[in-house]
Amino acid sequence: MKLATNLLTFSVLFCTHLGIAQKPKLSKATAPAPAPAFTVPVRLEQELFRLSNLSAGKVGICAVHLESGKTITQNGKDHFPMASSYKVAIATQLLSRVDSGSITLAQLVPILKTDFHPGSGMLSERFNWPNSLNSDLSLSVRSLLELMLLISDNSATDLCLRLAGGPAAVNACMKRLGVEGLQVNRPTAWLIADCVGIPMDINQAWSPARYDSLAKFSTPATREASYVAFENDIRDTSTPEAMTLLLTKLYTQPVLKPDSKTLLLDIMKRCETGLARLKGALPPDTEVLHKTGTIGLTASDVGIITLPGDAGHVAISVFVKSSKKEGPVRERTIAEVTRTIYDYFLFQ
Numbered sequence: 001m002k003l004a005t006n007l008l009t010f011s012v013l014f015c016t017h018l019g020i021a022q023k024p025k026l027s028k029a030t031a032p033a034p035a036p037a038f039t040v041p042v043r044l045e046q047e048l049f050r051l052s053n054l055s056a057g058k059v060g061i062c063a064v065h066l067e068s069g070k071t072i073t074q075n076g077k078d079h080f081p082m083a084s085s086y087k088v089a090i091a092t093q094l095l096s097r098v099d100s101g102s103i104t105l106a107q108l109v110p111i112l113k114t115d116f117h118p119g120s121g122m123l124s125e126r127f128n129w130p131n132s133l134n135s136d137l138s139l140s141v142r143s144l145l146e147l148m149l150l151i152s153d154n155s156a157t158d159l160c161l162r163l164a165g166g167p168a169a170v171n172a173c174m175k176r177l178g179v180e181g182l183q184v185n186r187p188t189a190w191l192i193a194d195c196v197g198i199p200m201d202i203n204q205a206w207s208p209a210r211y212d213s214l215a216k217f218s219t220p221a222t223r224e225a226s227y228v229a230f231e232n233d234i235r236d237t238s239t240p241e242a243m244t245l246l247l248t249k250l251y252t253q254p255v256l257k258p259d260s261k262t263l264l265l266d267i268m269k270r271c272e273t274g275l276a277r278l279k280g281a282l283p284p285d286t287e288v289l290h291k292t293g294t295i296g297l298t299a300s301d302v303g304i305i306t307l308p309g310d311a312g313h314v315a316i317s318v319f320v321k322s323s324k325k326e327g328p329v330r331e332r333t334i335a336e337v338t339r340t341i342y343d344y345f346l347f348q
């Protein structure tokens, strides 16, 4: 497995999307000698593989220095479960609907009892009052967006996905943006159920009572088998290259109107999860706009890192899957990989 496979092609792709390398053709008499293609140094390649092995799993990496287009990949075209990092794609489509006037950030959304879903966040824990038929709760679209990205609230995410138009609308948005290899297929409630082996039919209305009743039949053995099957499922996955391309476009191109772009990047800058991942080994106060993901045997963190001074910015996606190590080891792997790439682009 070679780290720099298809590196030149991918670098050209990114340069094209960033508006780099679109210079007028020069005559043969005036044309300068072509710049040498960027090749990942062998020592950097070896170090990233060494660090990846800490996870005892498979690690996918794609990092692009936005100002130069230089690209570092490892398993960059392989598919990895996004888990909650897919919320970046959901937010992109949701804000596209805000930009079109279909919905507004101030619009209030009633929260029903059936909208409280399992997993991370605080809505289900704090507002799912027992013995109450209704939640008597409404939140603005902006509040749901903040909860989805700041603390990775799953109930807020599934509401945002609905407001975005559902998985088909998110995937259509990715297609419009030219992001291939990233797909959103299920709300988090069904995604979690599939991961742990609880047979919740996505065509049936969500029922917390049914989820709880089926969860009673889950055993460590069935969960382990479900984890493996989940990682081989193409749904709700992304390649590292696709996710990094989405991040690059969000940061460098007018994918969203200025106000929506500023809001999205500001929320990602304030993300409260995964402090031991992309940010885990970076110098204090390094600006990182990011979103994490965790489920089963996987962990991920994706975002934009600002290098010191005039050294530029790095769009980066790091995914870990099939890891039998504990969560902190997976996080440390992501942190060490990120710091190595940070140092390389800083000092180069």
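So in my numbering, spot 103 of the sequence shown is number 103, and the numbers just go up one at a time.
Even glycine gets a Cβ: it sits at the ideal position worked out from N, Cα and C.
Specify the secondary structure class of residue i as computed by DSSP and reduced to three states.
{"i": "Gly57", "result": "coil"}
{"i": "Ile295", "result": "strand"}
{"i": "Ile90", "result": "helix"}
{"i": "Ser361", "result": "Look at the range of the chain in this structure, 1 to 348, and you will see that residue 361 is not part of it."}
{"i": "Phe319", "result": "strand"}
{"i": "Gly327", "result": "helix"}
{"i": "Ile202", "result": "coil"}
{"i": "Thr333", "result": "helix"}
{"i": "Asp158", "result": "helix"}
{"i": "Asp310", "result": "coil"}
{"i": "Ile151", "result": "coil"}
{"i": "Ala33", "result": "With a pLDDT of 46 at Ala33, under the threshold of 50, the modelled position of that residue is not reliable, and the figure given next carries that caveat. If DSSP states are grouped into helix, strand and coil, Ala33 belongs with coil."}
{"i": "Leu137", "result": "strand"}
{"i": "Ala242", "result": "helix"}
{"i": "Lys257", "result": "coil"}
{"i": "Glu272", "result": "coil"}
{"i": "Lys249", "result": "helix"}
{"i": "Arg126", "result": "helix"}
{"i": "Leu51", "result": "helix"}
{"i": "Arg277", "result": "coil"}
{"i": "Val170", "result": "helix"}
On the CB-based measure, 16 or more other CB atoms within 10 Å of its CB, does residue i come out buried or exposed?
{"i": "Arg332", "result": "buried"}
{"i": "Thr104", "result": "exposed"}
{"i": "Ala319", "result": "The question names Ala, but residue 319 is Phe in the sequence shown. Result: buried."}
{"i": "Thr222", "result": "exposed"}
{"i": "Ala29", "result": "Because Ala29 carries a pLDDT of 37, less than 50, the predicted location of this residue cannot be relied on, and the following value inherits that uncertainty. By the neighbour-count rule (16 or more Cβ atoms within 10 Å), Ala29 is not buried but exposed."}
{"i": "Asp236", "result": "buried"}
{"i": "Asp194", "result": "buried"}
{"i": "Ala83", "result": "buried"}
{"i": "Met174", "result": "buried"}
{"i": "Asn232", "result": "exposed"}
{"i": "Val179", "result": "buried"}
{"i": "Val337", "result": "buried"}
{"i": "Lys216", "result": "exposed"}
{"i": "Ser341", "result": "The sequence given here has Ile at residue 341, not Ser. Answer is buried; the Cβ neighbour count reaches 16."}
{"i": "Asn53", "result": "exposed"}
Within a Cβ cutoff of 7 Å, which residues of the same chain sit near residue i, ignoring the five residues on either side of it in sequence?
{"i": "Pro208", "result": "Phe116"}
{"i": "Asn171", "result": "Gln183 and Val184"}
{"i": "Leu137", "result": "Ile111 and Phe127"}
{"i": "Ser218", "result": "Val196, Gly197 and Ile198"}
{"i": "Leu150", "result": "Ile267, Arg270, Cys271 and Glu272"}
{"i": "Ala169", "result": "Gln93"}
DSSP beta-bridge partners for residue i?
{"i": "Thr352", "result": "Nothing can be reported for residue 352: it is not among the residues displayed for the chain, which extend from 1 to 348."}
{"i": "Val184", "result": "DSSP output for Val184 lists no bridge partner at all."}
{"i": "Pro81", "result": "Thr237"}
{"i": "Val302", "result": "Lys291 and Ser317"}
{"i": "Val196", "result": "In DSSP, Val196 forms no bridge with anything."}
{"i": "Pro110", "result": "Ser138"}
Please confirm whether residue i has its beta-carbon closer than 8 Å to some beta-carbon of chain D.
{"i": "Thr333", "result": "Looking for chain D here will not work: only one protein chain is present."}
Using C-beta distances below 6 Å, list every residue in its chain close to residue i, excluding the 5 sequence neighbours before and after it, in chain order.
{"i": "Val288", "result": "Leu278, Lys279, Gly303 and Ile305"}
{"i": "Val88", "result": "Lys291"}
{"i": "Gln22", "result": "Its pLDDT being 38, under 50, Gln22 is placed unreliably in this model, and the value from its coordinates should be taken loosely. So the list is empty, once near-sequence residues are dropped."}
{"i": "Leu214", "result": "Ile198"}
{"i": "Ser317", "result": "Cys62, Pro240, Met243, Thr244 and Val302"}
{"i": "Gly274", "result": "Thr292 and Asp301"}
Determine whether the beta carbon atoms of residue i and residue j lie at a separation below 8 Å.
{"i": "Gln93", "j": "Ala164", "result": "yes"}
{"i": "Ser300", "j": "Ser85", "result": "yes"}
{"i": "Ala276", "j": "Val64", "result": "no"}
{"i": "Ile61", "j": "Pro240", "result": "yes"}
{"i": "Thr298", "j": "Lys321", "result": "yes"}
{"i": "Pro118", "j": "Ile202", "result": "no"}
{"i": "Leu265", "j": "Leu307", "result": "no"}
{"i": "Gly296", "j": "Tyr227", "result": "yes"}
{"i": "Ile267", "j": "Cys160", "result": "no"}
{"i": "Leu66", "j": "Gly312", "result": "yes"}
{"i": "Arg330", "j": "Ser120", "result": "no"}
{"i": "Ser238", "j": "Gly181", "result": "yes"}
{"i": "Leu177", "j": "Leu263", "result": "no"}
{"i": "Thr294", "j": "Trp206", "result": "no"}
Given residue i, which residues of its chain have a CB within under 8 Å of its CB, disregarding the five upstream and five downstream residues?
{"i": "Asp99", "result": "Leu256, Lys257 and Ser260"}
{"i": "Asp78", "result": "Lys58, Gly60, Thr239 and Pro240"}
Quick check: is any heavy atom of the ligand MN less than 7 Å from the C-beta of residue i?
{"i": "His65", "result": "Although the ligand MN was asked about, the structure shown includes no ligands whatsoever."}
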